[in-house]
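Residue numbers (the numbering used here): 81 to 414.
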């Protein structure tokens with residue numbers, strides 16, 4: 081198999097690699113600047129070479145076969161090696177053509193997307209970065225080798241064998257409509273679990289998030305009224321309802337300038353969120369990958385710090401009646 085891959089026309093491997101990412105003949109053609117008929121011809125040649133259908137139309141997109149699933153990491157590695165070899169021995173990001181997938185939440189896209197795009201425009205104009213939603217299964221096993229970078233909280237998945245770097249820390253905070261009476265008078269745990277919850281989940285098939293997992297570990301059960309894979313939507317949703325959400329403090333403070341919400345400490349203690357940059361160890365010595373990691377690490381240093389919380393006493397299961405105090409603005413003014 082390795083010999084076949086090495087001897088195959090590189091252009092065919094590029095078509096395979098892009099089709100694997102796009103799952104669409106038309107989008108593949110657009111990305112590699114070819115006609116759809118040329119891409120279809122390349123797919124036919126790939127099928128002949130590997131004696132397998134590789135990709136089949138399922139009514140929505142081009143679905144990879146089991147053989148294609150097996151080939152994808154090997155072909156991606158070959159394409160990356162060739163790109164690196166063509167980009168100058170010392171690695172010149174200005175001359176390197178590479179595409180990277182970063183799995184994260186929209187909160188990370190919001191924090192780092194703009195600064196990263198500006199950096200790429202200035203120093204690596206031929207780099208392309210695709211932010212995708214981080215799903216639990218993506219971090220597991222061989223799936224981690226198919227995504228170049230993950231920016232997720234520590235403990236978000238099985239990352240024990242992955243290389244990593246701590247980027248920054250954040251805190252969780254409650255968000256509710258400014259005229260929410262329960263919020264205005266302070267929330268006990270009982271108040272908290274009674275209110276409708278708008279909650280982030282990384283997977284629509286299960287309630288999966290860093291913050292909800294922590295509540296489960298404390299033995300706190302609550303009902304959620306709405307699940308969304310978008311942190312940025314949560315303050316907008318609760319601003320128009322009687323519900324409450326838990327989001328990262330940096331995001332909450334930014335959104336409080338745009339919508340009519342108030343912020344206050346959760347009625348249970350949440351440890352700080354440690355946001356890490358993770359990658360499969362096979363990328364450790366990849367020059368372009370290393371350069372991109374260095375840029376993300378550098379940009380994370382510019383994320384503004386958080387204000388000091390004064391006289392903050394975390395609640396525990398034994399202190400469920402403890403009420404949380406408003407943060408930032410006085411009660412009554414939100």
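No residue lacks a Cβ here, since even glycine has one placed at the ideal position from N, Cα and C.
Judged by pairs of C-beta atoms under 8 Å, the stretch 358 to 371 does not touch the stretch 305 to 313, as fewer than three such pairs exist.
For residue 363, there is no enclosing alpha helix (DSSP H), since its DSSP letter is neither H nor E.
Along the stretch 202 to 267, the alpha helix (DSSP H) occurs as fully enclosed runs of 4 or more residues at 261 to 264, listed in sequence order. A contact is defined here as three or more CB-CB pairs under 8 Å, and the stretch 335 to 352 meets this definition with respect to the stretch 251 to 258. Sorting 218, 283, 235, 325 by C-alpha distance to the C-alpha of residue 260 places 325 at the top. Using a Cβ distance threshold of 7 Å, residue 241 and residue 181 do not count as a contacting pair. Per the C-alpha coordinates, the member of 384, 104, 92, 248 positioned closest to residue 128 is 92.
In this structure, the CA atom of residue 295 is about 21 Å from the CA atom of residue 330.
Bounds of the beta strand (DSSP E) holding residue 178 are 178 to 184. In the pairwise beta carbon analysis, the stretch 232 to 248 is classified as not touching the stretch 266 to 275: fewer than three pairs are separated by under 8 Å. DSSP, reduced to helix, strand and coil, places residue 147 within a helical segment of the structure shown. In this model, residue 262 and residue 102 are separated by some 47 Å (Cα to Cα). One thing to note: residue 231 has its Cβ no nearer than 7 Å to the Cβ of residue 289. Taking 7 Å as the cut-off, the beta carbon of residue 98 is found no closer than this to the beta carbon of residue 116. Secondary structure at residue 128: helix, using DSSP grouped into helix, strand and coil. The stretch 292 to 375 is shown to contain whole beta strand (DSSP E) runs of 3 or more residues at 304 to 308, 324 to 328, 341 to 344, 353 to 359, in chain order.
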